[in-house]
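Undergrad: Residue numbers for the sequence shown follow numbering that gives the first Met the number 0, so the first one is 0 and each next one is one higher. Each residue gets a CB set at the ideal place from its N, CA and C atoms; glycine is no exception.
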Amino acid sequence: MKGSLSVRNIVIAGVLGAVAILLGVTRLGYIPVPTAAGNATIMHIPAIIGGIMQGPVVGAIVGIIFGVSSFLNATVPLFKDPLVAILPRLFIGVIAWLVYVGIRRRSEYLAIGTAAFLGTLTNTVLVLTMAVVRGYMGAEVAWTVAITSGIPEAIVGTIVTLAVVLAWKQIGKGKKSKISDDL
């Protein structure tokens with residue numbers, strides 16, 4: 000069952016959590032984009048993938064791992080606060096799973112893409128909301144960051160998540176990825 004904590008789910012949560020940590024520590028989780036922020040992060044994507052592929056428990060665990068990694072590697076006061084760095088990340092995979100489950104009967108592609116987009120926005124909105132509530136920035140600054148950084152991150156997150164999840168599902172079926180046919 001996707002909601003349970005089986006050995007498989009623990010292993011997948013660990014691997015996806017390690018990927019999230021690796022993306023942050025090596026700075027590979029930052030993609031340059033032509034916005035004021037300069038970079039879009041993809042470090043939240045393992046939590047989204049965990050939620051879509053294995054359910055809300057794995058999504059929440061990977062989100063917590065991402066949040067703790069962000070907290071421990073923080074270089075700015077904003078992310079040295081566990082209520083900003085950890086708590087919002089708990090919900091990334093859970094929201095992605097809820098969206099995916101709600102839409103998947105209509106279209107698998109639409110469900111994955113929408114779950115990725117809204118999972119990314121969950122990260123952006125909740126982190127920025129906590130930053131405002133905790134007094135690290137004003138609401139105007141948060142809105143600016145949400146628009147200039149959050150939207151590009153959601154687009155990048157959707158593209159990357161679609162590619163990874165579709166490939167993972169094909170591998171799970173014992174088939175080649177649709178992507179490999181184009182190569």
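Using a threshold of 8 Å, state whether the C-beta atoms of residue 130 and residue 77 are closer than that.
TA: Within the sequence shown, the letter at position 131 stands for residue 130. Within the sequence shown, the letter at position 78 stands for residue 77. Yes. Within cutoff.
Undergrad: Below 8 Å between beta carbons: does that hold for residue 92 and residue 59?
TA: For this step, residue 92 is matched to residue 93 along the sequence shown. For this step, residue 59 is matched to residue 60 along the sequence shown. Yes, these two residues count as a Cβ contact at 8 Å.
Undergrad: Pairs of beta-carbons, one from the region 156–175 and one from the region 136–146, closer than 8 Å: are there three or more?
TA: The region 156–175 vs the region 136–146: no contact.
Undergrad: In this structure, how does DSSP classify residue 145 when only helix, strand and coil are distinguished?
TA: Working through the sequence shown from its first residue, we reach residue 145 at position 146. If DSSP states are grouped into helix, strand and coil, residue 145 belongs with the helices.
Undergrad: Quick one: measure Cβ to Cβ for residue 156 and residue 119, integer angstroms, because I've assumed they're closer than 8 Å.
TA: Your numbering for residue 156 matches position 157 in the sequence shown. Your numbering for residue 119 matches position 120 in the sequence shown. Contact holds; Cβ gap of about 4 Å.
Undergrad: If you draw a straight line from the alpha carbon of residue 182 to that of residue 128, how long is it in whole angstroms?
TA: Within the sequence shown, residue 182 is the residue found at index 183, counting from 1. Within the sequence shown, residue 128 is the residue found at index 129, counting from 1. Low confidence applies here, because residue 182 scores a pLDDT of 47, under 50, leaving its location unreliable and the question unanswered by this model.
Undergrad: Are residue 164 and residue 51 touching if we call contact CB-CB under 8 Å?
TA: Mapped onto the sequence shown, residue 164 falls at position 165. Mapped onto the sequence shown, residue 51 falls at position 52. Yes; because the gap between Cβ atoms is below 8 Å, this pair is in contact.
Undergrad: Mind the definition here: the region 89–103 touches the region 148–155 only if three or more C-beta pairs lie below 8 Å; say whether that holds.
TA: Cβ pair count under 8 Å is below three, so no.
Undergrad: Do you know offhand how far residue 85's Cα is from residue 106's?
TA: For this step, residue 85 is matched to residue 86 along the sequence shown. For this step, residue 106 is matched to residue 107 along the sequence shown. Approximately 32 Å, taken between the alpha carbons.
Undergrad: Rounded to the nearest angstrom, what separates residue 80 and residue 96 at their Cα positions?
TA: Here residue 80 refers to the residue found at position 81 of the sequence shown. Here residue 96 refers to the residue found at position 97 of the sequence shown. Going by the C-alpha atoms only, they are around 26 Å apart.
Undergrad: Starting from the Cα of residue 94, find the closest Cα among 64, 65 and 56 and give me that residue.
TA: One-based indexing of the sequence shown puts residue 94 at position 95. Nearest of 64, 65 and 56 to residue 94, Cα basis: 56.
Undergrad: Once DSSP output is grouped into helix, strand and coil, what is the label at residue 135?
TA: On the sequence shown, residue 135 is found 136 positions in, with the first residue counted as 1. It is coil, neither helix nor strand.
Undergrad: The alpha helix (DSSP H) spanning residue 33 covers which residue range?
TA: Residue 33 sits at position 34 when you count from the first residue of the sequence shown. Residue 33 -> no alpha helix (DSSP H), and no H or E assigned at all.
Undergrad: With H, G and I counted as helix, E and B as strand and the rest as coil, what does DSSP make of residue 169?
TA: By one-based count along the sequence shown, residue 169 stands at place 170. Of the three classes helix, strand and coil, the one that applies to residue 169 here is helix, per DSSP.
Undergrad: Let me know if residue 82 comes out buried or exposed under the rule of 16 or more other beta-carbons within 10 Å of its beta-carbon.
TA: As a working note, residue 82 is residue 83 in the sequence shown. Exposed, by the Cβ-count rule.
Undergrad: Between which two residues does the alpha helix (DSSP H) harbouring residue 39 extend?
TA: Within the sequence shown, numbered from 1, the residue matching residue 39 stands at position 40. Note, residue 39: premise wrong, no alpha helix (DSSP H); beta strand (DSSP E) at 38–40.
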